[in-house]
Every structure is written in C-alpha cells, then in structure tokens.
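UniProt numbering numbers the first residue of the sequence shown as 1 and each following residue consecutively.
Quick reminder that beta carbons are idealized off the backbone N, C-alpha and C, glycines included.
This structure is a prediction, so every number in the text was calculated from the model and none was measured.
I have placed the structure first, in the form of structure tokens, so that the comments after it can refer back to it.
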Amino acid sequence: MTKLDKLKARILQKPNDFTFQELEPLLFGLGYEEKKTGKTAGSRKAYIHPLTKSIIRLHKPHPVPILKKYVILEVIEILTNQGYL
Numbered sequence: 001m002t003k004l005d006k007l008k009a010r011i012l013q014k015p016n017d018f019t020f021q022e023l024e025p026l027l028f029g030l031g032y033e034e035k036k037t038g039k040t041a042g043s044r045k046a047y048i049h050p051l052t053k054s055i056i057r058l059h060k061p062h063p064v065p066i067l068k069k070y071v072i073l074e075v076i077e078i079l080t081n082q083g084y085l
C-alpha cells in the first residue's frame, strides 16, 4: 500500500486529527497544484487540478494544524465527485 493509498484510506475514515500536512501530499499525489495567491492571501489556500479544473479552497489552520471536520467532509465530497476517492 503506497503512502497515497494510506492517506486516501485515512481521510475516508473522517478522523478528528487529520492535519494540513497530511492533506497537501494527498492533493499533490492526486495531481492538484497549489494556486499561487497574492502576498495578502495569508492562510487562504487554493488547489486546482489542471485537467479537471476542480478547485479546492480552504483555510490553512493555525496555530494547530488539525483540519476542521467540515473541511474534511468538503474535501472528501469534491474528491469523490471527481472520481479520486
């Protein structure tokens, strides 16, 4: 089982401790690219898949890097609709 497969399985469990540091490699592994926003974007992040033009927008959590449950559910929904999960 690859690291990408493990991250897919983990996010589908909807854990309460899924971190931003786990989400980024998952998105990059699925082909998403980080959209560079302006220098005033702060913690806002956007990830775009170049083929499907699917966009995932989220707020990088701080100071604790754990994602909110609604963010995990939104990401799961988007990735499932795109056929990645």
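Can you name, in chain order, every residue of its own chain whose Cβ lies under 6 Å from the Cβ of residue i, other than the five neighbours on each side?
| i | result |
| --- | --- |
| leucine 58 | Lys45 and Val71 |
| lysine 60 | Phe20, Ser43 and Lys45 |
Near residue i, which residues of its chain fall below 7 Å by C-beta distance, leaving aside the five closest residues on each side in sequence?
| i | result |
| --- | --- |
| isoleucine 78 | Ser54 and Ile56 |
Taking residue i as part of the beta strand (DSSP E), name the residues at either end of that continuous run.
| i | result |
| --- | --- |
| isoleucine 56 | 55-59 |
Straight-line CA distance for residue i to residue j?
| i | j | result |
| --- | --- | --- |
| glutamine 82 | proline 65 | 26 Å |
| leucine 26 | serine 43 | 19 Å |
| tyrosine 84 | glutamate 24 | 15 Å |
| threonine 19 | lysine 69 | 11 Å |
| leucine 4 | glutamate 33 | 16 Å |
On the DSSP bridge assignment, give the partners of residue i in chain order.
| i | result |
| --- | --- |
| isoleucine 66 | Thr19 |
| isoleucine 48 | Glu33 and Ile55 |
Since residue i and residue j should fall inside the 8 Å C-beta cutoff, what is the C-beta to C-beta distance between them, to a whole number of angstroms?
| i | j | result |
| --- | --- | --- |
| glycine 51 | lysine 14 | Note that residue 51 corresponds to leucine in the displayed sequence, not to glycine. Not confirmed; about 27 Å, so no contact. |
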